[in-house]
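**Q** Residue numbers for the sequence shown follow this note's numbering, beginning at 681 and rising by one.
We put the CB at the ideal spot given by N, CA and C, even for glycine.
Structure below; questions to follow.
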Amino acid sequence: MKSSTIRTFQTVHTWTGLLAGFALFIAFYAGALTVFHHDIALWQSPPWRSQAARDVSVQTMIDCLLLQHPQAAKDFGIVLAPPGTSQGPYAYWNDGEEHFATADRLDRPTDDEGATRGNLADFVYALHDSLGIPVVGLYLMGIVSVIYGLALISGLLIHLPQLLGDLFALRPGRNLKRLWQDAHNAIGVLSLPFHIIFAVTGALMCLFVPLFAALNLIAFDGKLGDAFARAISTAPTVQASGHAAPMLAAGELIERARTAALATGVTAFEPDYVHYDHYGDANALVQVRGVSQRTLGTYGTIALNGATGAVLERHVGDTHSVNGLTNSSIYALHFGNFGGRAVQWLYFLLGLAGAFLFYSGNLLWIESRRKRRHAAQPRKTWVMARATLGVCLGTCAGIAAAFAATMLAQAAGIDPAVPQQAACYGVVALAVAYACLRPVARAAVELLAVTALAYLAVAIADLMRNAHTWSQPWTPPSMAVLGVDLTGIALGIGFAWLARASWKRAARGDANSVWAQAPAADALHVEAEDPR
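So, in C-alpha cells, the structure goes:
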C-alpha cells in the first residue's frame, strides 16, 4: 500500500475516532454494565429487602384492567415481572392513545417511561442506548455508529500489512506512548469481529426509523409498511367474530405457550410479555413472548386462541422465520443475551475493552501532537486532555454516583428517578469543570482516585446492608446481587491501579508533557496555536 494511501486512512481513522470517541466511550462503558441488566435490577430491588409490589396474578390484573378500562379489550398487553424481583407486572393498552400502568395505578395510567421510572438498570441502558437523551440521542448514536464503522474499516486497512506483528506486539518499557499504541492496536485487532457486530447492529437499531422512512419513499412507493408488518408478523391476522366466549386463564395460556415452545427444540422459554387482541371474543388472539437461551433467536413468540388455547403459530427455535430470526439476532448479537454467564462476561470485558480503545485513542492523539523538546505545549493538547478526563472519567464516576443515589433514595423512601439522573449528570458536569480548573496531571490522579473510592464505597455499603443475607442459603437473586457488588469492588481496584499509574507517570515521566507534574507542564505554559 502506498505511503500516501496509508496516511489518508490514518487521517480518516484519527478524525472519525475523535468525532465519535466520547459518545462511544459512554456507550461502551454503560453497555458493559447493561449486559447485566437483570442483575442490576435485582441489586436495586432484591426480594429480601424490597417491599413487594402488589401481589396479583396476571389474570387478576387483566380483570382489573378491563373492569376500569373496558375499551382496552381490543388491544392490550401485560409485561410480566422479572423472575426473582419484587417488581410487579404492568399493563399496556391502546384505545387510540397508548397507556401504561402498574397493578395499583390502573386508574392513573402514564407513559412508557413512567411505568418503569426509577429503575437503575433502565437508566444505565438509556446511557448506552442514547446517552440518556430522549429521541434525539438515539438518532445521534446511530450516526455515531456509522462513523464508528468507518473508523473500524480505516483502522483495519492501516494495520492490515502488519496485522500479525501488531497483534502480538506489546513492548513495555520507558516508551509509554509505544506501549499504549501496542495495547490499542492489539485490543482493536483481537476484538475486531465484535466491534463490527456492535457497529452494524447499533446503526440498524438506532437509525431504523429514518432508514425505514427513506426506503419506503425511495424504493417501495409507500408500500413498505404493510410488507414489513407481514414479514415480521408472529401471529395470524384475525378478525373479531362478534361472538362472546370465555377466555382461558392467563396462567394456563402461558403454560401452553411454554410447552409449545420447548417442543421446537429450545432448552428454555421464559415468558416476559402477553398480548391480547379481541379479548372475550371467540377469535381472541393471544401472543406469548419469551426468552430462550443458547440460540440467536433469543426472543420468540407463540400465538394461541384465547378461548380454546389452540396453538396457531410458533416463532421459536427452529420454527423461526428468516425475518424473525434476523430481527431477533440483531438484538441478541448486540447485547450478548444468546448465551449464559460465560457470554455475558465476555461481552462485559469487550465493553470495557471498547471503552479503553476510545480513551487510549485520545491519549495517543495527544502524545502524537505534543512537542517533546519544548516546555510549552499546543493548546489543542491541553483541551483534548481536559475533555478526555472530564467526560470519560466523569462518566465512570457518574454511573457510580447513580448507584449511590439509588441507595440513598430508597433509604429515604423516595422515587430514585430524579436523584439518579441528578447524581450522574451532576458528577459528569463537576468532573468536566474540575478537569478544566486543576492542573491536568493532578486532575487525572484525583478523578481516578475519586472514581475508585465511589465504586468501592457503593459496593461495600451494599454488602453491609445485605449482611444478613450472606449467612442464608444461596439463591439466584442473592448470587446476582453479590456479583454486582464484587464487580463494583473489582472496578474500584482497577481505577485505583490507574490512579497509581497516573501518579507515577506524572512524577517520573517526561517533563514536557501535559501529564507531568513538573513546572514545565503547568497549564499556564501554553504555546499559542499557529494562526495558519
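1. Which of helix, strand or coil does DSSP assign to R676?
2. Would the region 934 to 941 and the region 968 to 984 be scored as touching if the rule is three or more Cβ pairs under 8 Å?
3. Could you tell me the alpha carbon to alpha carbon distance between Y828 and D957, rounded to whole angstroms?
4. Using the Cα positions of S810 and R1122, report the straight-line distance between them to the nearest angstrom.
5. Going by DSSP, which residues form a beta bridge with D961?
6. Helix, strand or coil for A1203 per DSSP?
7. May I ask you to report which of helix, strand or coil DSSP gives V1194?
8. Answer yes if the region 1101 to 1111 comes into contact with the region 1060 to 1073, meaning at least three C-beta pairs across the two stretches below 8 Å, and no otherwise.
9. Helix or strand or just coil, what does DSSP make of E1047?
10. Quick one: give me the first and last residue of the beta strand (DSSP E) that V991 is part of.
11. Label Q1197 either buried or exposed according to how many other C-beta atoms from any shown protein chain fall within 10 Å of its C-beta, with 16 as the threshold for buried.
12. For H1014, report the span of its alpha helix (DSSP H) as first-last.
13. Does the beta carbon of A1170 come closer than 8 Å to any beta carbon on chain D?
14. Reducing DSSP to helix, strand and coil, say where H749 ends up.
15. Following the continuous alpha helix (DSSP H) through T1075, name the residue where it begins and the one where it ends.
16. What did DSSP end up calling N1146 once you bin it into helix, strand or coil?
17. What does the alpha-carbon distance come out to for the pair A943 and H808?
18. By DSSP, does Q690 sit in helix, in strand, or in coil?
19. Quick check on the DSSP output: the alpha helix (DSSP H) that includes F892 runs from which residue to which?
20. In three-state DSSP terms, what is P1215?
21. For F716, which of helix, strand or coil comes out of DSSP?
22. Going by beta-carbon coordinates alone, are F1083 and V1138 separated by less than 8 Å?
23. Which same chain residues end up closer than 6 Å to S1158 when comparing Cβ atoms and leaving out the 5 residues on each side of it in sequence?
24. Who are the Cβ neighbours of A930 in its own chain at under 7 Å, not counting the five residues just before and after it?
25. To the nearest angstrom, how far is the alpha carbon of K706 from that of G989?
26. The beta strand (DSSP E) that contains I934, what's its start and end?
27. Whole angstroms are fine: how far does the CA of A700 sit from the CA of P1211?
28. Could you check which residue in P916, R974, A1080, G1041 has the C-alpha nearest to that of A964?
29. My output table needs one value for G1019: the three-state DSSP class, helix, strand or coil.
30. Express the C-alpha separation of A1092 and G1078 in angstroms, rounding to a whole number.
31. Would you report the Cα separation of G1004 and L870, rounded to the nearest angstrom?
32. For V1107, collect the residues of the same chain with a Cβ closer than 7 Å to its Cβ; drop the 5 residues on either side in sequence, then sort them by chain order.
33. For R785, tell me which candidate among E777, Y772, A907 has the shortest Cα-Cα distance.
34. Given A962, which residues of its chain have a CB within under 6 Å of its CB, disregarding the five upstream and five downstream residues?
35. Measure the beta-carbon distance from C744 to L818 and round it to whole angstroms, keeping in mind my assumption that it falls under 8 Å.
36. Which stretch, first to last residue, makes up the alpha helix (DSSP H) that contains W1062?
**A** Quick look at the numbers:
1. The requested residue 676 is not part of the displayed model; the chain covers only 681 to 1212.
2. Inter-segment contact for the region 934 to 941 and the region 968 to 984 is present: three or more beta-carbon pairs are separated by less than 8 Å.
3. If you number the sequence shown from 1, residue 828 lands on position 148. If you number the sequence shown from 1, residue 957 lands on position 277. For the pair Y828 and D957, the Cα-to-Cα distance works out to about 41 Å.
4. Taking the first residue of the sequence shown as 1, we reach residue 810 at position 130. Taking the first residue of the sequence shown as 1, we reach residue 1122 at position 442. The C-alpha of S810 lies about 31 Å from the C-alpha of R1122.
5. The sequence position of residue 961 within the sequence shown is 281, counting from 1. Answer by DSSP bridge pairing, in chain order: A924.
6. The residue you call residue 1203 lines up with position 523 of the sequence shown. Residue confidence is low: A1203 scores 44 on pLDDT, short of 50, so the model does not pin down where it sits. Its coordinate-derived value is still stated next. A1203 falls in the coil class under three-state DSSP.
7. Here residue 1194 corresponds to residue number 514 of the sequence shown, with the count starting at 1. V1194 sits in coil when the DSSP states are folded into three classes, being neither helix nor strand.
8. Touching, yes.
9. Counting from 1 along the sequence shown, the entry for residue 1047 is found at position 367. E1047 falls in the helix class under three-state DSSP.
10. By one-based count along the sequence shown, residue 991 stands at place 311. In this chain, the beta strand (DSSP E) harbouring V991 covers 991 to 995.
11. Within the sequence shown, the letter at position 517 stands for residue 1197. That one is buried.
12. Here residue 1014 refers to the residue found at position 334 of the sequence shown. H1014: member of the alpha helix (DSSP H) spanning 1002 to 1015, first to last residue.
13. Included in the structure is just one protein chain, with no chain D present.
14. Position 69 of the sequence shown, counted from the start, is the residue given in the question as residue 749. The answer is coil: DSSP assigns H749 none of H, G, I, E or B.
15. Position 395 of the sequence shown, counted from the first residue, corresponds to residue 1075. Residues 1074 to 1092.
16. Counting from 1 along the sequence shown, the entry for residue 1146 is found at position 466. It is coil, neither helix nor strand.
17. By one-based count along the sequence shown, residue 943 stands at place 263. By one-based count along the sequence shown, residue 808 stands at place 128. Cα to Cα, the separation comes out at about 36 Å.
18. Here residue 690 refers to the residue found at position 10 when the sequence shown is read from its first residue. In the structure shown, Q690 sits in a helix (DSSP, three-state: H, G or I).
19. For the purposes of this step, residue 892 is taken as the residue at position 212 of the sequence shown. Residue range 888 to 898 is occupied by the alpha helix (DSSP H) that includes F892.
20. In this structure the chain extends from 681 to 1212, so residue 1215 is not present and cannot be described.
21. If you number the sequence shown from 1, residue 716 lands on position 36. The answer is coil: DSSP assigns F716 none of H, G, I, E or B.
22. Along the sequence shown, one-based indexing puts residue 1083 at 403. Along the sequence shown, one-based indexing puts residue 1138 at 458. In contact: F1083 and V1138 (Cβ atoms closer than 8 Å).
23. The residue you call residue 1158 lines up with position 478 of the sequence shown. T1149.
24. The sequence position of residue 930 within the sequence shown is 250, counting from 1. Once the five neighbours on either side are set aside, the close Cβ partners of A930 are V738, Q739, I742, V954.
25. In the sequence shown, the residue the question calls residue 706 occupies position 26. In the sequence shown, the residue the question calls residue 989 occupies position 309. Contrary to the premise, residue 706 reads as Ile rather than Lys in this sequence. A straight line joining the alpha-carbon of I706 with that of G989 spans about 46 Å.
26. For the purposes of this step, residue 934 is taken as residue 254 along the sequence shown, with counting starting at 1. Boundaries around I934 are those of the alpha helix (DSSP H), 930 to 942, since no beta strand (DSSP E) includes it.
27. As a position in the sequence shown, residue 1211 is number 531, starting the count at 1. As a position in the sequence shown, residue 700 is number 20, starting the count at 1. For P1211, the pLDDT reaches just 40, beneath the cut-off of 50, and the residue's location in the model is therefore unreliable, although a value from the coordinates is still provided. Each residue's Cα considered, the two are about 26 Å apart.
28. What you label residue 964 is simply residue 284 of the sequence shown in a count that begins at 1. In this structure, P916 is the residue among P916, R974, A1080, G1041 with its C-alpha nearest to the C-alpha of A964.
29. Locating residue 1019 in the sequence shown gives position 339, where the first residue counts as 1. Coil.
30. On the sequence shown, residue 1078 is found 398 positions in, with the first residue counted as 1. On the sequence shown, residue 1092 is found 412 positions in, with the first residue counted as 1. A direct Cα-Cα distance of roughly 21 Å separates G1078 from A1092.
31. By 1-based counting over the sequence shown, the position of residue 1004 is 324. By 1-based counting over the sequence shown, the position of residue 870 is 190. If I take the Cα positions, the gap works out to 30 Å.
32. Locating residue 1107 in the sequence shown gives position 427, counting from the first residue. Around V1107: G1074, A1077, G1078, A1081.
33. Counting from one through the sequence shown, the residue named residue 785 turns up at place 105. Looking from the CA of R785, the closest CA among E777, Y772, A907 belongs to Y772.
34. Here residue 962 refers to the residue found at position 282 when the sequence shown is read from its first residue. Here the set comprises S921, H923, A925, A987.
35. Walking along the sequence shown from the start, residue 744 turns up at place 64. Walking along the sequence shown from the start, residue 818 turns up at place 138. 34 Å between Cβ atoms; not a contact.
36. For the purposes of this step, residue 1062 is taken as the residue at position 382 of the sequence shown. The continuous alpha helix (DSSP H) containing W1062 extends over residues 1059 to 1068.
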